[in-house]
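Asks:
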Amino acid sequence: MAVPPVRGRAAAGRWKGMAPERRVSLVLLCDGAGRVLLLRRPPRKHCAGLWSLPGGKQRAGESALACARRELFEECGVRADGWRLCHRWRYDYGGRGGAAPGRLAFTLFAARMCGPAERVRGESAWAWFDPAAVEAAQLPPANGAIMPLTRWLV
Numbered sequence: 007m008a009v010p011p012v013r014g015r016a017a018a019g020r021w022k023g024m025a026p027e028r029r030v031s032l033v034l035l036c037d038g039a040g041r042v043l044l045l046r047r048p049p050r051k052h053c054a055g056l057w058s059l060p061g062g063k064q065r066a067g068e069s070a071l072a073c074a075r076r077e078l079f080e081e082c083g084v085r086a087d088g089w090r091l092c093h094r095w096r097y098d099y100g101g102r103g104g105a106a107p108g109r110l111a112f113t114l115f116a117a118r119m120c121g122p123a124e125r126v127r128g129e130s131a132w133a134w135f136d137p138a139a140v141e142a143a144q145l146p147p148a149n150g151a152i153m154p155l156t157r158w159l160v
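Residue numbers (my numbering): 7 to 160.
1) DSSP beta-bridge partners for residue 114?
2) What residue range does the beta strand (DSSP E) around residue 85 cover?
3) Just curious, the beta strand (DSSP E) that residue 61 is in, first and last residue?
4) Any idea what DSSP makes of residue 148, helix, strand or coil?
5) Please report how far the alpha carbon of residue 25 lies from the alpha carbon of residue 113, in whole angstroms.
6) Below 8 Å between beta carbons: does that hold for residue 94 and residue 27?
7) Which residues in the same chain as residue 90 place their Cβ atom closer than 7 Å to its Cβ, once the five residues preceding and following it in sequence are excluded?
8) Within the chosen definition, does the region 70-79 reach the region 139-158 through at least 3 CB pairs nearer than 8 Å?
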């Protein structure tokens, strides 16, 4: 007897009442001195005031790398080279304000800044961190677990 195909939410890899998985690309951007760029999350955003890597949600049909490049330029106004895939992980979060819990699927890329570090611009505050100091920065829970990797990825 044939097993019927899985349909609906189970086919999408979600549990009942869980929000859809969101794909997020992050950039571990290094300057010529080996420092890592972190952005301060703006007020009224989730995890406001914490430091995070540049990045954001993938658009429909967009690859993880294309998303990382786009977000880096949108958030910081810079371009990078030497792109390499470093890590992928998932993070399950609880719902906020009555929203359903969900999952973020992260892809982390490392890249080198093209041009001088002073060219960074953005709506958010930003700073260059020594790789050893990144772990001590206040980061969102979803990013915190990968920060120890920065010492080896830079």
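A virtual CB, placed ideally from N, CA and C, is assigned to each residue, including glycine.
Replies: In brief:
1) 32 and 93
2) Residue 85 -> no beta strand (DSSP E), and no H or E assigned at all.
3) 61-63
4) helix
5) 19 Å
6) no
7) 115 and 116
8) no
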